[in-house]
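Remarks on the structure that follows.
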Amino acid sequence: MDDWRFFLGFISSGESVPYGFILQSETPKQIMGRVSAVATSLQTFSMLIAPAVGSLLAKWLGVSLVLMGAGGATCLLGALVLIFIVRRINIQKDIHEKQFQA
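If you're matching positions, the sequence shown starts at 0 in numbering that gives the first Met the number 0 and goes up one per residue.
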């Protein structure tokens, strides 16, 4: 019965650890405190408001539609991030090749 909780914790660490790493590595040291505070506030607010919004949407639209919408939105966001990453890698590759040719 508790196996799913372990799996859920394992999966959530796959999101929170890279998020914290990127936040710290890409933020200038002089504004790290402010950026970290805003990021944590946004995460906490979204965790608090999501169940209320989800239940209202489920009441109005039905649970199936809300879950399909959430799944579709997650897939769309994942695809957009993947496209962004691939384009960024290709741009860096082009810059690297131009530096070697020059």
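Note that CB positions come from ideal geometry on N, CA and C, so glycine has one too.
Cβ-based neighbour list, residue i, same chain, cut-off 6 Å, excluding 5 preceding and 5 following
i: Y18; result: none
i: G13; result: none
i: G61; result: none
Nearest-angstrom Cβ-Cβ length linking residue i and residue j, presumed shorter than 8 Å
i: I40; j: L22; result: Reading off the sequence shown, one finds Ser at residue 40, where the question assumed Ile. With 8 Å as the limit, S40 and L22 do not qualify as a contact, their Cβ atoms being about 13 Å apart.
i: L56; j: V65; result: 5 Å
Within-8 Å CB hit, residue i to chain B
i: S24; result: No chain B is part of this structure, which consists of one protein chain only.
Contact set for residue i: own chain, Cβ-Cβ below 8 Å, skip 5 residues either direction
i: A49; result: none
Cutoff 7 Å; reference residue i; Cβ partners in own chain excluding five residues on either side
i: S15; result: none
Which residue spans inside the segment 26-87 form an unbroken alpha helix (DSSP H) run of at least 4?
31-60
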